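Numbering (mature numbering (1 follows the signal peptide of the UniProt record, and there is no 0)) for the sequence shown: -24 to -1, 1 to 517. Cβ coordinates follow ideal geometry from the N, Cα and C atoms, glycine included. Model, not experiment: these values are computed from the prediction.
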Amino acid sequence: MKAKHLAPLLFSTALLLPSTAAWSSPEGEAFRQIGETLHLQNPEEFFSYESSRLDEYGIQHLRLQQTLHQIPVYGRVLLLHEKAGHLLGTSGSFQTLTPNTDTPVISSADAVTKAAEAVKFAGSTDGVSVDLTYYPTSDGNAYLAYAVQLNWMGDDPGRWTVLIDAVDGSVISSINKIERVASKLQNGVYYLIDETRPLFEQFGSTIRTYTFNGGTQAESMVTDLDNSWDSDGQRAAVAAQENAGIVYDYFLKHFHRNSYDGKGSSMISSVLFGGKGSDAFWDGTRVVYGSQAPLDVSAHEWTHAVIDSTAGLLYSGQSGALSESWADALACAIEGKNWTIGEDLKPGGLRTLSDEADLHKLQSGEASLSASLDTAHDFQAHQGVPTSPGGNVPLTLHSLAPSLVHQDPTQPPDPPQQPDPTQQPDPTQPQDPTEQPDPSDSGDTQSNPVPLPHPQLHEPVIDIHAYAAVPNRAFYNFATAIGDRERAGLVWYIALRDYMTPDADFSAARLATLQACSVLYGADSDAARELASAWSAVGVE
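Written out as structure tokens, the structure reads:
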């Protein structure tokens, strides 16, 4: 059985007056509701309860992690949305799975070593995060694996998640989440530290800026003796500091979000990393720049921080493209100047949301499906994959709808013998309860690992920046149709915060934005109709 994205019900703001009402026992009600929805007699065997949150519209959002033998399934989260004790809808995907084993053969220490070798990590592995997980495949199998997190700075910084097969130690997947794009006087020295905003008053947090001074390891506070900040390095630091403040103010004013995590955490920037002018990335704790820190780039990177703290989009496949696109969209909303990202870094910018050229490249096959291969092992993913003479998989917008929009982004494509598309379920439609899987089909624990073909041998690696053009254009279409990029940005933010899950694909993103729009403006509003048209115009239904 393939994973199915569960379509949320669209509901009107007329039913969503501010309320503090909530389920008296969110955890118990979540299991009861998901059991009824998926026809599971013992939903606790399939999910673990993570959290619940009551939003400003009186809707409670409950987060469930899919599990197998009490081990999390990688990237599989379900969200339940309720109002005054009534289930309004769900977001996410569910799939019954057959595990290859429930007992690892290699140790976690061996997994860390193999992960470090795969991504050429030369630092200390002391304190590296490593957790057991199941890696799901589209045919319903699940591989027991170790998820290893490796983070380092240096000439080529990394923020890697490497999945190591817990049976044979091979690399299943490797993803690098780093993408290469007010002052205070103290003791006679000025520092770039902002203690004037609410995050300091409420949490003792600050907005502050450091410098690598052209290196890649040690950093120090940016200082100035006369508060003029007129050297090249200081100007970059001032831009990073000022723009972090602008982003903070925007999040607070328009999203009622206190800092990137909504918890008032400090917003830290570091400049002059390696002396590279165009570098910028979120490393999980701070935004790092080279010698430039323009507002749109700053807003893009801080939005990645918000994504990490909300939907947690996987940085590969369609979910990775959505991560890039959401960062682009909110950056354009925050800057409010044009539809181009990074025009101050290079002529013409890095991406332009209003330009259909990127979509035309996807139509013609000019956009590379596999722009980069992270490890030698990933090269195997492309063996046997049909390509055009130029080496690109010739995907068009016509084929985009079934092949990219409706397929789970964390899964490999189907085998060469394609099934009849008329027999495939439409993930945008509510599921027929009679078609729900029998929970007993999940498979019993097996004492000996089942040999399964490795999924990565058939998994192409798409260029997430190229495919971000699809949701980027949808955002541009919507924002220009309603004539307000700030309202459009709010829809995108609410969709990200409340209705998107780590494995969201383009179709799920469309549903999430429609749900957010219906909450904000009504399911029958002009905005909702324009939003549906905006997605249809790029082939996402």
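Exercise. Can you give the Cα-Cα distance for tyrosine 33 and glutamate 300, rounded to whole angstroms?
Worked result: Working through the sequence shown from its first residue, we reach residue 33 at position 57. Working through the sequence shown from its first residue, we reach residue 300 at position 324. Using only the alpha carbons, I get a separation of about 27 angstroms.
>> Which complete alpha helix (DSSP H) runs does the region 17 to 55 hold, if anything under 4 residues is left out?
In response: Annotation note: the region 17 to 55 contains no uninterrupted alpha helix (DSSP H) run of length 4 or greater.
- May I ask you to report which of helix, strand or coil DSSP gives isoleucine 244? Counted from its first residue, the sequence shown places residue 244 at position 268. Three-state result, isoleucine 244: strand.
Practice prompt. Check each candidate in His37, Thr109 and Asn152 and name the one with the smallest Cα separation from aspartate 439.
Written response: The residue labelled residue 439 in the question sits at position 463 within the sequence shown. Measuring from the Cα of aspartate 439, the nearest candidate turns out to be Asn152.
Does the contact criterion of 3 or more C-beta pairs under 8 angstroms hold for the region 89 to 99 versus the region 53 to 73?
No, the region 89 to 99 does not touch the region 53 to 73.
message: For the alpha helix (DSSP H) containing histidine 280, name the first residue and the last one.
response: For this step, residue 280 is matched to residue 304 along the sequence shown. Judged by DSSP secondary structure, histidine 280 falls within the alpha helix (DSSP H) whose first and last residues are 271 to 285.
The beta strand (DSSP E) with threonine 137 in it runs from where to where?
Looking up residue 137 in the sequence shown gives position 161. Residues 134 to 141.
Does the Cβ of aspartate 144 have 16 or more other Cβ atoms within 10 Å, making it buried, or fewer, making it exposed?
On the sequence shown, residue 144 is found 168 positions in, with the first residue counted as 1. Classification of aspartate 144: exposed, given that the 10 Å Cβ count is below 16.
Whole-angstrom distance between leucine 168 and threonine 477, CA atom to CA atom: Stepping through the sequence shown from its first residue, residue 477 is reached at position 501. Stepping through the sequence shown from its first residue, residue 168 is reached at position 192. Spanning the two alpha carbons is a distance of roughly 36 angstroms.
Report task. Could you tell me the distance, in whole angstroms, from the CA atom of serine 512 to the CA atom of tyrosine 443? Result -> On the sequence shown, position 536 is the one that residue 512 refers to. On the sequence shown, position 467 is the one that residue 443 refers to. In this structure, the CA atom of serine 512 is about 16 angstroms from the CA atom of tyrosine 443.
Sub-9 angstroms separation of serine 246 and threonine 286 beta-carbons:
For the purposes of this step, residue 246 is taken as the residue at position 270 of the sequence shown. For the purposes of this step, residue 286 is taken as the residue at position 310 of the sequence shown. Going by C-beta atoms, serine 246 is not nearer than 9 angstroms to threonine 286.
* Asked: Does the separation of the CB atoms of residue 520 and valine 81 fall below 9 angstroms?
  -> Since the first and last residues shown for the chain are -24 and 517, residue 520 lies out of range.
Answer yes or no: do histidine 230 and tyrosine 469 have a C-beta to C-beta separation smaller than 9 angstroms?
Mapped onto the sequence shown, residue 230 falls at position 254. Mapped onto the sequence shown, residue 469 falls at position 493. The answer is yes: Cβ separation under 9 angstroms.
*asked:* Once DSSP output is grouped into helix, strand and coil, what is the label at valine 106?
replied: One-based indexing of the sequence shown puts residue 106 at position 130. Strand.
Discussion item. Please state the DSSP three-state secondary structure of asparagine 127.
Written reply: Here the question's residue 127 lines up with position 151 in the sequence shown. Secondary structure of asparagine 127 (DSSP, three-state): strand.
Which of the three DSSP states is assigned to aspartate 414 in this structure?
Within the sequence shown, numbered from 1, the residue matching residue 414 stands at position 438. Per-residue confidence for aspartate 414 stands at a pLDDT of 42, beneath the threshold of 50, marking its modelled position as unreliable; the derived number appears in the next sentence. The answer is coil: DSSP assigns aspartate 414 none of H, G, I, E or B.
Sufficient close CB pairs (3 or more, under 8 angstroms) joining the region 169 to 179 to the region 231 to 241:
A contact exists between the region 169 to 179 and the region 231 to 241.
message = What would DSSP say about histidine 230, mapped onto helix, strand or coil?
response = Mapped onto the sequence shown, residue 230 falls at position 254. In this structure, histidine 230 counts as helix in the three-state DSSP scheme.
Requested in this report: Helix, strand or coil for lysine 90, going by three-state DSSP, please let me know.
Outcome: Sequence index remark: in the sequence shown, residue 90 carries index 114 (1-based). Collapsing the DSSP output to three states places lysine 90 in a helix.
Margin query: Using the Cβ count rule (16 or more neighbours within 10 Å means buried), how would you classify serine 267?
Written below: Translated into positions along the sequence shown, residue 267 becomes position 291. Serine 267 should be labelled buried.
*With DSSP run on the structure shown, which of helix, strand or coil describes leucine 64?*
Counting from 1 along the sequence shown, the entry for residue 64 is found at position 88. Judged by DSSP in its simplified three-state form, leucine 64 adopts strand.
Checklist line | Buried/exposed call for histidine 441, threshold 16 Cβ in 10 Å | finding: On the sequence shown, residue 441 is found 465 positions in, with the first residue counted as 1. Counting C-beta atoms within 10 angstroms of its own C-beta, histidine 441 has 16 or more neighbours from the protein chains shown and is therefore classed as buried.
#### Entry: Residue span of the alpha helix (DSSP H) that contains serine 146, given as start and end
What you label residue 146 is simply residue 170 of the sequence shown in a count that begins at 1. Neither: serine 146 is in no alpha helix (DSSP H) and is coded neither H nor E.
_Is the beta carbon of valine 263 closer than 9 angstroms to that of proline 133?_
If you number the sequence shown from 1, residue 133 lands on position 157. If you number the sequence shown from 1, residue 263 lands on position 287. No, these two residues do not count as a Cβ contact at 9 angstroms.
Short of 6 angstroms in beta carbon distance, which residues of its chain neighbour cysteine 493, apart from the five on each side in sequence? Order them along the chain.
Translated into positions along the sequence shown, residue 493 becomes position 517. Leaving aside the five residues that flank cysteine 493 on each side, the residues in its chain whose CB is nearer than 6 angstroms to its CB run, in chain order, Val467, Ala503, Ala504 and Leu507.
Could you please give me the residues that DSSP links to leucine 120 through a beta bridge? As a working mapping, residue 120 is identified with position 144 in the sequence shown. Leucine 120 is bridged by DSSP to Tyr110.
Item to complete: Determine the contact status of tryptophan 302 and tryptophan 278, defining contact as a CB-CB distance below 9 angstroms.
Response: Along the sequence shown, one-based indexing puts residue 302 at 326. Along the sequence shown, one-based indexing puts residue 278 at 302. Not in contact: tryptophan 302 and tryptophan 278 (Cβ atoms no closer than 9 angstroms).
(request) Could you tell me whether the Cβ atoms of alanine 142 and leucine 120 are closer together than 9 angstroms? (result) Start at 1 with the first residue of the sequence shown, and residue 142 comes out as number 166. Start at 1 with the first residue of the sequence shown, and residue 120 comes out as number 144. Contact flag set, yes.
### Query
Just the Cα atoms here: how many angstroms apart are proline 19 and threonine 113?
In the sequence shown, residue 19 corresponds to position 43, counting from 1. In the sequence shown, residue 113 corresponds to position 137, counting from 1. C-alpha separation (whole angstroms): 21 angstroms.
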